[in-house]
């Protein structure tokens, strides 16, 4: 089981440079094995070009290394905080992708402006508040997870599968590692097109609520009709 | 005949990622066999990497599947509305390409600013009005086709071979599937350069009417002299 | 001789998609054989993917086809006007590259803002005036050449190796076809960085004259010391 | 020793086009052998496609060629000035990369807006003052080095591993040639995202000082915990 998950996490990590989301080692993907209460995550600061499946690190829910020869990603505590809070989340990704990071630096949510956004995110992609000095100075990565949770509030995390952390960058998640990367790609793409749209027309309106409902639900609602049924696939 | 059309539609769909117009499965191309009153279209939500010619779906003019193992694109009703209204249209493409979608989100037509535009589009590329709540809540995809038709009005659809649907994205068409994709590429390119041009000089003027006439007609008018005659090709 | 020139013109044309300057067939390169008073130019509307050396068209200085099975580029008359006026020019290129075309649509010269520009262009890259209705309606391509000449005035065309034609796009040239493409790449790159620079700081200053002199002359002046001497190469 | 350094400098130079930092020959990397007081640098104006390890040029600290068949980069005197002043610097790179050059042309520092920046640069990436006429007209490249040194003042050059030279472009450095290129890639990336961020929100705030401290120190401080320890690597 863990072997299969290591393979999935490795592949999801390798998808990051393939989708243009990372420069050097600036990104990491993890996934949870909720039966064993273990998380598989990218090792810290290892280059994508030379990384192998067996380099993935397995940690327990407190971040102790169970398996692996490397230190886990320095952002491990952020991932674990989210897994502990949200049982719906199966995979998490963090990158410094250009456009989503620009919105994080701008300190603004990535606004819901169109159906591209509404196909995956129900409402704006929020931007967290600034961490305080004491939140940064001790347990920084854990506090990053906490401020994401505070920002999400009571929403279903699979309906808002990502946020931008103020002055830092995007975190995205999904039902598994592959889905998390998918949502990170969507976030980068809408971050790009929203910037251009706002530059073209600074007085544009957010997406009509009923259009957002329609698109989100035709993909994720009970009567979803986008794509193929499991039988057809 | 349908076999040849399937091949064309398949190839036109595969051209979308090649031209950078799609992320994941966010695009679809169709073509009509007007003798048989049948339309060949991409299956819904199938990845480009694994899609095969035989996965193309054949539907009748009411959208019933005639041939194929998959559900047709969720946008099929939009395509069919356009084919029913405009006998000149042989192929249709829908994408969420970055820059054209940004104009759709901005709620503005892509303005005719230069000869790149005028070589393919006679006048601005219009942006539709917003769909109403009831138009979205029932027969959404059909109503998307209807609002495109309402926007085009009485123009020759091959002289305005595309529009942007408000808060959604671009639809383009042409005399066949290949031509439709060609026009979608042009739309994305002019959407990009028009944004940059408006950013450089917010008070720029639209293209002079006589220059637009010249460029459109040297490619599409009765005395066209761009390219090769059929004999030379 | 013409065979060698055909090869050079073919290769220079093939460099256009390689440098990201063209979409589809939107570009053409020519070169002159000044001893024979003949110009080799790309055929009109032929795809780069299938184009061969032998498809290059040879025309005389009035545009009559001397050799070749295709029609020459529809812009041939523009190229010939420039060759007739400027004996220093050995090659010419026309594209619709994104950023240079955006400046053409904005109706503004590409300003000399830095040393990247000054290494190749001495002063702003001018934008032509609009062609009049009658200049467009008859002998359009010839008049495009004339308005470029009018814009250059008395400057050395190798010191201003390109202009943008209003509402159309860039033309560049050089001592041969290869050099012309090189200058077209530079123009596109400075068009991009100048847009970004003006967006960052709308009140920036043009390059200091003495810095422009230094950079232009260390590459093109009598005491040039950039690169290798002929002996070293 | 010099052979190994030539190999490193060659590879670091070849990384420039791979990371999209250079067009044509517009970039150069050097490294110092501080025991022998020799610097290995790219030859001037040689194309990356055909450059070989043995084309690297070795110069002494006054710029006299010790080894090599080519002229050294025209920017050699700038590199040497920095090596003479800062014993901490092991490698230097100069490019005209698009976004960093745009900030140089805008005449503004690249502001510290987020953790991507703070992971490598402690504080803004400064922009030099303009060189005076006399600084440009004699010993231009040496004076470029001097104005970089004047701009850095008393900071640790490995804490501010790069600047933009006004109206020219970026210079970056590091503990060796590879590290210098790494910092040049970071500078280009933050130059890009900072432009977008400022365009999204012109009134954004610089990064909180304690967040900058945290990120810079978790990678570069005494208790650094990003990446692997030497033993693990």
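Protein chains in written order, with full-length UniProt numbering: chain A, 1 to 233; chain B, 1 to 233; chain C, 1 to 233; chain D, 1 to 233.
Positions of the beta carbon are idealized from the N, C-alpha and C atoms, including for glycine.
Computed from a predicted structure; not experimentally measured.
Given that residue 192 of chain C touches chain D, what residues does it touch there, using C-beta distances under 7 Å? Along the third chain, read from residue 1 onward, the residue named residue 192 of chain C stands at position 192. Within chain D, the residues near residue 192 of chain C are 98.
With a 10 Å radius around its C-beta and 16 neighbouring C-beta atoms as the bar for buried, classify residue 8 of chain A as buried or exposed. For this step, residue 8 of chain A is matched to residue 8 along the first chain. Residue 8 of chain A is classed as buried because its beta carbon has at least 16 other beta carbons within 10 Å across all chains shown.
How close, in whole Å, do the beta carbons of residue 126 of chain C and residue 109 of chain C come, if the pair is a contact with beta carbons under 8 Å? Taking the first residue of the third chain as 1, we reach residue 126 of chain C at position 126. Taking the first residue of the third chain as 1, we reach residue 109 of chain C at position 109. The Cβ separation is near 5 Å, so the contact holds.
For residue 180 of chain A, return the contacting residues in chain B, with the cut-off set at a CB-CB distance below 7 Å. Counting from 1 along the first chain, the entry for residue 180 of chain A is found at position 180. Listed along chain B, no residue sits closer than 7 Å to residue 180 of chain A by beta-carbon distance, the nearest being about 14 Å off.
Tell whether a beta-carbon distance below 7 Å holds between residue 59 of chain B and residue 43 of chain B. Counted from its first residue, the second chain places residue 59 of chain B at position 59. Counted from its first residue, the second chain places residue 43 of chain B at position 43. Not in contact: residue 59 of chain B and residue 43 of chain B (Cβ atoms no closer than 7 Å).
Entirely within the stretch 109-154 of chain D and at least 4 residues each: give me those alpha helix (DSSP H) ranges in chain order. Entirely contained in the stretch 109-154 of chain D, the alpha helix (DSSP H) runs reaching 4 residues are, in chain order, 115-118, 133-137, 140-152.
Should residue 120 of chain B and residue 186 of chain B be called a contact, given that it needs their Cβ atoms to be closer than 7 Å? The sequence position of residue 120 of chain B within the second chain is 120, counting from 1. The sequence position of residue 186 of chain B within the second chain is 186, counting from 1. Taking C-beta atoms as the reference points, residue 120 of chain B and residue 186 of chain B count as a pair closer than 7 Å.
Answer with buried or exposed for residue 231 of chain A, where buried requires no fewer than 16 other C-beta atoms within 10 angstroms of its C-beta. Translated into the one-based positions of the first chain, residue 231 of chain A becomes position 231. Reliability of the predicted coordinates at residue 231 of chain A is poor, the pLDDT of 47 falling under 50, and the value obtained from them is presented with this limitation in mind. The residue is exposed, with fewer than 16 neighbouring Cβ atoms inside 10 Å.
Mind pulling the chain A residues with CB within less than 7 Å of residue 45 of chain B? The count along the second chain starts at 1 and reaches residue 45 of chain B at position 45. When 7 Å is used as the limit between beta carbons, residue 45 of chain B is near these residues of chain A: 226, 227, 228, in chain order.
Closer than 8 Å, Cβ to Cβ, to anything on chain A: give me those residues from the stretch 109-141 of chain B, in chain order. Cβ contacts with chain A come from 130, 131, 133, 136, 137, 140.
Opposite residue 171 of chain B in the DSSP bridges: which residues? Translated into positions along the second chain, residue 171 of chain B becomes position 171. The beta-bridge partner set that DSSP reports for residue 171 of chain B consists of B/94, B/163.
So which residues on chain B does residue 218 of chain A lean against when the C-beta distance must stay under 7 Å? Residue mapping note: residue 218 of chain A aligns to position 218 of the first chain, counting from 1. Those are 74, listed as they occur along chain B.
With a cut-off of 8 Å on the beta carbons, I'd call residue 24 of chain A and residue 122 of chain A a contact; round off their distance for me. Numbered from 1 along the first chain, position 24 holds the residue referred to as residue 24 of chain A. Numbered from 1 along the first chain, position 122 holds the residue referred to as residue 122 of chain A. The pair is not a contact, with the Cβ atoms about 33 Å apart (cut-off 8 Å).
Is the shortest distance between the beta-carbon of residue 188 of chain D and the beta-carbons of chain A less than 7 Å? The residue given as residue 188 of chain D occupies position 188 in the fourth chain. At a cut-off of 7 Å between C-beta atoms, residue 188 of chain D does not count as an interface residue with respect to chain A.
When you compare only the Cα positions, how much space is there between residue 56 of chain C and residue 175 of chain C? What you label residue 56 of chain C is simply residue 56 of the third chain in a count that begins at 1. What you label residue 175 of chain C is simply residue 175 of the third chain in a count that begins at 1. One C-alpha to the other measures close to 19 Å.
Assuming residue 39 of chain C is part of the beta strand (DSSP E), what are its boundary residues? Position 39 of the third chain, counted from the start, is the residue given in the question as residue 39 of chain C. Note, residue 39 of chain C: beta strand (DSSP E), 38-41.
Distance, residue 17 of chain B Cα to residue 89 of chain B Cα: One-based indexing of the second chain puts residue 89 of chain B at position 89. One-based indexing of the second chain puts residue 17 of chain B at position 17. Annotation: residue 89 of chain B to residue 17 of chain B spans about 23 Å, alpha carbon to alpha carbon.
Which of the residues in the stretch 152-167 of chain B, read from start to end, lie with their CB under 8 Å from any CB of chain A? Hits within the stretch, in order: 167.
Only counting the same chain, and skipping five residues up and downstream in sequence, which positions put a Cβ closer than 6 Å to that of residue 233 of chain A? On the first chain, residue 233 of chain A is found 233 positions in, with the first residue counted as 1. A caution first: residue 233 of chain A carries a pLDDT of 41, below 50, which makes its placement in the model unreliable, though a value can still be read off. Excluding its 5 nearest sequence neighbours in each direction, residue 233 of chain A has no C-beta neighbour in its own chain below 6 Å.
Is there contact between the stretch 165-183 of chain B and the stretch 77-91 of chain B, where contact requires at least three CB pairs shorter than 8 Å? Yes: the two stretches touch, three or more of their Cβ pairs being nearer than 8 Å.
Between which residues of its own chain and residue 238 of chain C is the CB-CB distance below 8 Å, once the five residues before and five after are set aside? The displayed coordinates of chain C run from 1 to 233. Any statement about residue 238 of chain C would go beyond what the structure contains.
Given that residue 199 of chain A touches chain D, what residues does it touch there, using C-beta distances under 9 Å? Mapped onto the first chain, residue 199 of chain A falls at position 199. Going along chain D in sequence order, the residues near residue 199 of chain A (Cβ under 9 Å) are 199, 200.
Does residue 60 of chain B come out as helix, strand or coil in the three-state DSSP assignment? Position 60 of the second chain, counting from 1, holds the residue named residue 60 of chain B. Under the three-state reduction of DSSP, residue 60 of chain B is assigned to strand.
Alpha carbon to alpha carbon, how far is residue 100 of chain A from residue 225 of chain D? Give it in angstroms, no decimals. For the purposes of this step, residue 225 of chain D is taken as the residue at position 225 of the fourth chain. For the purposes of this step, residue 100 of chain A is taken as the residue at position 100 of the first chain. For the pair residue 225 of chain D and residue 100 of chain A, the Cα-to-Cα distance works out to about 26 Å.
Whether residue 136 of chain D touches residue 148 of chain D by CB criterion (7 Å): Taking the fourth chain and counting its residues from 1, one reaches residue 136 of chain D at position 136. Taking the fourth chain and counting its residues from 1, one reaches residue 148 of chain D at position 148. By the CB criterion at 7 Å, residue 136 of chain D and residue 148 of chain D fall outside the cutoff.
Three-state class that DSSP yields for residue 232 of chain B in the structure shown: The sequence position of residue 232 of chain B within the second chain is 232, counting from 1. At residue 232 of chain B, the pLDDT of 47 sits below 50, so the modelled position is not reliable; the number obtained from the coordinates is stated separately. Coil, per DSSP.
CA-CA distance, residue 20 of chain C and residue 97 of chain C? Here residue 20 of chain C is taken as the residue at index 20 of the third chain, counted from 1. Here residue 97 of chain C is taken as the residue at index 97 of the third chain, counted from 1. Looking at the two C-alpha atoms, the distance is approximately 8 Å.
How many Å lie between residue 214 of chain D and residue 202 of chain D at the Cα? By one-based count along the fourth chain, residue 214 of chain D stands at place 214. By one-based count along the fourth chain, residue 202 of chain D stands at place 202. The straight-line gap from Cα to Cα measures roughly 25 Å.
Using beta carbons (cut-off 7 Å, strictly below), is residue 3 of chain A in contact with chain D? As a first step, residue 3 of chain A is located in the first chain; it is residue number 3 there, counting from the start. Residue 3 of chain A does not count as touching chain D.
Whose Cβ in chain B lies nearer than 7 Å to the Cβ of residue 208 of chain A? Your numbering for residue 208 of chain A matches position 208 in the first chain. What residue 208 of chain A touches in chain B: 130, 167.
Under the DSSP definition of a beta bridge, which residues are partnered with residue 31 of chain A? Position 31 of the first chain, counting from 1, holds the residue named residue 31 of chain A. Looking at the DSSP assignment, residue 31 of chain A forms a beta bridge with A/40, A/91.
Answer with buried or exposed for residue 237 of chain B, where buried requires no fewer than 16 other C-beta atoms within 10 angstroms of its C-beta. Past the boundaries of the shown model lies residue 237 of chain B; chain B is included only from 1 to 233, so the question cannot be answered.
Decide if residue 76 of chain C is buried, meaning its Cβ has at least 16 other Cβ atoms within 10 Å, or exposed. Stepping through the third chain from its first residue, residue 76 of chain C is reached at position 76. Around the CB of residue 76 of chain C, 16 or more other CB atoms lie within 10 Å, so the residue is classed as buried.
Within 9 Å of chain D by C-beta, residues of the stretch 23-36 of chain A in sequence order: If the cut-off is 9 Å between Cβ atoms, the stretch 23-36 of chain A has 23, 24, 25, 26 near chain D.
Kindly indicate which three-state DSSP category residue 17 of chain B falls into: helix, strand or coil? Indexing the second chain from 1 puts residue 17 of chain B at position 17. If DSSP states are grouped into helix, strand and coil, residue 17 of chain B belongs with the helices.
Would you please state the rounded distance, in angstroms, between the beta carbons of residue 113 of chain C and residue 228 of chain D? I believe it to be under 8 Å. Within the third chain, residue 113 of chain C is the residue found at index 113, counting from 1. Within the fourth chain, residue 228 of chain D is the residue found at index 228, counting from 1. Taking the Cβ atoms as the reference, residue 113 of chain C lies roughly 43 Å from residue 228 of chain D, outside the contact range of under 8 Å.
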